[in-house]
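The sequence shown lines up with residues 34 to 115 when you count with this note's numbering. Think of the CB as a built atom: it goes at the ideal place given N, C-alpha and C, for glycine as much as any other residue. Please read the structure below before turning to the comments.
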Amino acid sequence: MNDPLPTGATIGILGGGQLGRMLSVAAARLGLRTHIFEPGHNPPAADVAHVVTTAAYDDVAALTAFAKAVDLVTYEFENIPT
């Protein structure tokens, strides 16, 4: 992907910890929205993300819906089950 995301695009972030929070704040400054996917309740990024999905990382239906709702998916830590 070489083109920048347009203003208002949504970044999907797997993980809602402190790094997800910082990424959400930085994205907002660029005019981007964030959608957090996190199995834990009340993660740090929830306070600053536009949308939060609370579901297990192995919940295929929830992951599919999450991926369809965003323009780009990234992750905030390396311990996501595969």
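First through last residue of the beta strand (DSSP E) which encompasses residue i
{"i": "T107", "result": "105-108"}
Whole-angstrom distance between residue j and residue i, CA atom to CA atom
{"i": "P72", "j": "A42", "result": "23 angstroms"}
{"i": "V81", "j": "D91", "result": "24 angstroms"}
{"i": "V84", "j": "D36", "result": "24 angstroms"}
Buried/exposed call for residue i, threshold 16 Cβ in 10 Å
{"i": "T67", "result": "buried"}
{"i": "T97", "result": "exposed"}
{"i": "E2", "result": "Outside the displayed span of the chain (34 to 115) sits residue 2, for which this structure offers no information."}
{"i": "L63", "result": "exposed"}
{"i": "L56", "result": "buried"}
Distance CB(residue i)-CB(residue j) smaller than 7 angstroms
{"i": "G45", "j": "A78", "result": "no"}
Alpha helix (DSSP H) runs wholly inside the stretch 37-94, at least 4 long, in chain order:
Here the runs fully enclosed are 51-62.
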